[in-house]
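Novice: Residue numbers (the numbering used here), protein chains in the order written: chain A, 19 to 270; chain B, 32 to 194. Even glycine gets a Cβ: it sits at the ideal position worked out from N, Cα and C.
1) Can you check whether the CB of residue 59 of chain B is closer than 8 Å to the CB of residue 46 of chain B?
2) With 16 as the cutoff for other CB atoms within 10 Å, does residue 171 of chain B come out buried or exposed?
3) The ligand ADP and residue 123 of chain B: does the residue's C-beta get closer than 7 Å to at least one heavy atom of that ligand?
4) Are the C-beta atoms of residue 49 of chain A and some chain B residue less than 8 Å apart?
5) At a Cβ threshold of 8 Å, is residue 63 of chain B touching chain A?
6) Is the CB of residue 170 of chain B under 8 Å away from at least one CB in chain A?
7) At what residue ranges does the segment 53-135 of chain A contain a whole run of the alpha helix (DSSP H), taking only runs of 4 or more?
8) Is there a Cβ from chain C that is less than 8 Å from the Cβ of residue 269 of chain A?
9) Buried or exposed for residue 83 of chain A, going by 16 or more other Cβ atoms inside 10 Å?
10) By a C-beta neighbour count over all protein chains shown, 10 Å radius and 16 as the cutoff for buried, is residue 112 of chain B buried or exposed?
11) Buried or exposed for residue 105 of chain A, going by 16 or more other Cβ atoms inside 10 Å?
12) Anything in chain A within Cβ reach of residue 83 of chain B, meaning under 8 Å, just list it in chain order.
13) Among residues of its own chain, excluding the 5 on either side of residue 103 of chain B, which ones have a beta-carbon nearer than 8 Å to its beta-carbon?
14) To the nearest angstrom, report how far apart residue 41 of chain B and residue 197 of chain A are at their CA atoms.
15) Going by DSSP, name the residue or residues bridged to residue 109 of chain B.
16) Looking only at its own chain, which residues have a Cβ that is under 7 Å from the Cβ of residue 63 of chain A, when we skip the five neighbours before and after it?
17) On the premise that residue 64 of chain B lies in contact with residue 82 of chain B, defined as a C-beta separation below 8 Å, what is that separation, rounded to the nearest angstrom?
18) Tell me which residues share the same chain as residue 205 of chain B and place their Cβ nearer than 6 Å to its Cβ, disregarding the 5 neighbours each side in the sequence.
19) Looking at the unbroken alpha helix (DSSP H) that takes in residue 185 of chain B, where does it start and where does it end?
20) If the cut-off is 9 Å on Cβ atoms, which residues from the segment 93-126 of chain A count as contacting chain B, listed in chain order?
21) Since residue 85 of chain A meets chain B, which of its residues come closer than 9 Å, beta carbon to beta carbon?
22) Quick one: what's got a C-beta closer than 7 Å to residue 175 of chain A's C-beta in the same chain, skipping five residues either side?
23) If you reduce the DSSP assignment to three classes, tell me which class residue 44 of chain A lands in.
24) How long is the line joining the alpha carbons of residue 32 of chain B and residue 160 of chain A, rounded to whole angstroms?
25) For residue 99 of chain A and residue 160 of chain B, what's the separation of their Cα atoms in angstroms?
26) Name the chain A residues that come within less than 9 Å of residue 137 of chain B, Cβ to Cβ?
27) Closer than 9 Å between beta carbons: that is the criterion. Which residues of the segment 136-151 of chain A meet it against chain B?
28) Does any C-beta atom of chain B lie closer than 8 Å to the C-beta of residue 247 of chain A?
29) Quick check: what's the CA-CA separation for residue 88 of chain B versus residue 68 of chain A?
30) Decide if residue 79 of chain B is buried, meaning its Cβ has at least 16 other Cβ atoms within 10 Å, or exposed.
31) Using CA coordinates, which residue listed in A:215, A:173, A:134 is at the minimum distance from residue 223 of chain B?
32) If you drop the 5 nearest sequence neighbours on each side, which residues of the same chain put their C-beta closer than 6 Å to that of residue 109 of chain B?
33) When the Cβ atoms of the segment 117-124 of chain A are set against those of the segment 157-172 of chain A, are three or more pairs found closer than 8 Å?
34) Against chain A, with Cβ distances strictly below 8 Å, would residue 48 of chain B count as a contact?
35) Using a threshold of 8 Å, state whether the C-beta atoms of residue 87 of chain A and residue 75 of chain A are closer than that.
36) If I'm right that residue 190 of chain A touches residue 103 of chain A with Cβ under 8 Å, what's the distance once you round it to whole angstroms?
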């Protein structure tokens, strides 16, 4: 694997995470339980679309085949998407969506804090920008975990059900393979063990305070980062890519 | 090739007439998005820094820049997006903050307040200047704003979040 190939894959993994979670969050538009949350969830979706644009544009530049961010978003098949599985799972109820956002935003907060020190100038700039936005996502999701956990019996039960269901998808967030290893040697990619340690500490502290518990499960689901997805991604892509597939090169 | 008849200052002056599409009371220079203009042998390059990564107004701003300069016969205009350093509300000019306030939007506090993003910062009502205000919604009609209400005059208003 050349450095360019590794960097391309690295950018796709980051970009696809943003793109697919953005898609899921935007499904809440007009469906959230209260207006304020409708605004919040779609604001997060917008931040993630922006991040996906930057990362996919950079991936295309690294690939050097003259593609655009749209080409990568609309013209790759399911097996070529590199997002983690947690981002593609259906929204479930509000507690499920918020728990997922809690897990991913805390992860992104520590991840992009580290990526700000990348030896790659573009990734470094994207990380600094993203971090400003992710701070808001993390603060909002944290408040909701406390509120759901410490709220009613029903809200606590729903949050705990979501945690139990999503937990096996959190391991994939911290996986690394030779793509990351190659880039880490050049100080481009993030060193994962410290991110994982900080994530664990923060998540456990918040859940404890919220009266929620961390499942005692060791098995972790995997595959998305290498293009092996749940059946859900295919459904997302069939809707997201419909227009470009039916009318190639259609523009706004 | 005719050498551009415009200096950097001339071009900046023309670009300062372009309003922010979301908040037309301020222009793109006052918002801190317009970073620089490089005049070359046969045209010019405009350096922009987007506010939020997903800001949907960026495409429109790029079009506005090209149209404005084309209307003044500035040849070969290109717009370059520069993301480093990241845009911050601290780049907004004092004039812009004042205009926002008169427009009914509370201007951003210093970016250091973002350390505690939903903290207990006092946001002054842009109408009656009371500090007795309450946060209604952390997110508003655009990515950059939150919704507040004044407890003194009861007016709801938008706050431009520090970033």
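Specialist: The structure says:
1) Residue mapping note: residue 46 of chain B aligns to position 15 of the second chain, counting from 1. Residue mapping note: residue 59 of chain B aligns to position 28 of the second chain, counting from 1. In this structure, residue 59 of chain B lies closer than 8 Å to residue 46 of chain B by Cβ.
2) Counting from one through the second chain, the residue named residue 171 of chain B turns up at place 140. Label assigned to residue 171 of chain B: buried.
3) Absence of the ligand ADP is noted for the structure shown, with no ligands found whatsoever.
4) Working through the first chain from its first residue, we reach residue 49 of chain A at position 31. No, residue 49 of chain A lies away from the interface with chain B (no Cβ there is under 8 Å from its Cβ).
5) Here residue 63 of chain B refers to the residue found at position 32 when the second chain is read from its first residue. Judged by the 8 Å Cβ criterion, residue 63 of chain B is not in contact with chain A.
6) If you number the second chain from 1, residue 170 of chain B lands on position 139. It does; some Cβ of chain A falls within 8 Å.
7) 53-81, 87-92, 103-106, 112-133
8) Reference to chain C is not applicable here, since the protein chains of this structure are A and B.
9) The residue labelled residue 83 of chain A in the question sits at position 65 within the first chain. Residue 83 of chain A should be labelled exposed.
10) For the purposes of this step, residue 112 of chain B is taken as residue 81 along the second chain, with counting starting at 1. Label assigned to residue 112 of chain B: exposed.
11) In the first chain, counting from the first residue as 1, residue 105 of chain A sits at position 87. So residue 105 of chain A counts as buried.
12) Numbered from 1 along the second chain, position 52 holds the residue referred to as residue 83 of chain B. Residues of chain A passing the Cβ test: 64, 65, 68, 151.
13) Working through the second chain from its first residue, we reach residue 103 of chain B at position 72. 37, 45.
14) Counting from one through the second chain, the residue named residue 41 of chain B turns up at place 10. Counting from one through the first chain, the residue named residue 197 of chain A turns up at place 179. One C-alpha to the other measures close to 49 Å.
15) As a position in the second chain, residue 109 of chain B is number 78, starting the count at 1. B:76.
16) The sequence position of residue 63 of chain A within the first chain is 45, counting from 1. Here the set comprises 40, 43, 44.
17) As a position in the second chain, residue 82 of chain B is number 51, starting the count at 1. As a position in the second chain, residue 64 of chain B is number 33, starting the count at 1. That belief holds up - the Cβ atoms of residue 82 of chain B and residue 64 of chain B are roughly 6 Å apart, short of 8 Å.
18) Here chain B has residues from 32 to 194 only, and residue 205 of chain B is not among them.
19) Here residue 185 of chain B refers to the residue found at position 154 when the second chain is read from its first residue. First-last for residue 185 of chain B: undefined, no H or E at that position.
20) none
21) The residue given as residue 85 of chain A occupies position 67 in the first chain. Near residue 85 of chain A there are no residues of chain B at all, since even the closest Cβ is about 18 Å away, more than 9 Å.
22) Locating residue 175 of chain A in the first chain gives position 157, where the first residue counts as 1. Nothing listed; no residue qualifies.
23) Taking the first residue of the first chain as 1, we reach residue 44 of chain A at position 26. In the structure shown, residue 44 of chain A sits in a helix (DSSP, three-state: H, G or I).
24) In the second chain, residue 32 of chain B corresponds to position 1, counting from 1. In the first chain, residue 160 of chain A corresponds to position 142, counting from 1. Low confidence applies to residue 32 of chain B: its pLDDT is 46, below 50, so where it sits in the model is not reliable, and the reading given next is rough at best. In a straight line, the C-alpha of residue 32 of chain B is about 60 Å away from that of residue 160 of chain A.
25) Looking up residue 99 of chain A in the first chain gives position 81. Looking up residue 160 of chain B in the second chain gives position 129. So the two alpha carbons sit approximately 51 Å from each other.
26) For the purposes of this step, residue 137 of chain B is taken as the residue at position 106 of the second chain. Per Cβ cutoff of 9 Å: no residues; residue 137 of chain B is ~17 Å from chain A at best.
27) 139, 140, 142, 143, 144, 146, 147, 148, 149, 150, 151
28) Residue 247 of chain A sits at position 229 when you count from the first residue of the first chain. Cβ-Cβ to chain B under 8 Å: no for residue 247 of chain A.
29) Numbered from its first residue, the second chain carries residue 88 of chain B at position 57. Numbered from its first residue, the first chain carries residue 68 of chain A at position 50. For residue 88 of chain B and residue 68 of chain A, the distance between alpha carbons rounds to 12 Å.
30) Position 48 of the second chain holds residue 79 of chain B. Under this definition residue 79 of chain B is a buried residue.
31) This structure leaves residue 223 of chain B out entirely; chain B is present only between 32 and 194.
32) Here residue 109 of chain B refers to the residue found at position 78 of the second chain. 76, listed in sequence order.
33) yes
34) Position 17 of the second chain, counted from the start, is the residue given in the question as residue 48 of chain B. No, residue 48 of chain B lies away from the interface with chain A (no Cβ there is under 8 Å from its Cβ).
35) To locate residue 87 of chain A, count along the first chain from 1; it is residue 69. To locate residue 75 of chain A, count along the first chain from 1; it is residue 57. Yes, they are a contact pair.
36) Position 172 of the first chain holds residue 190 of chain A. Position 85 of the first chain holds residue 103 of chain A. Yes, residue 190 of chain A and residue 103 of chain A are in contact; Cβ-Cβ is about 6 Å, under 8 Å.
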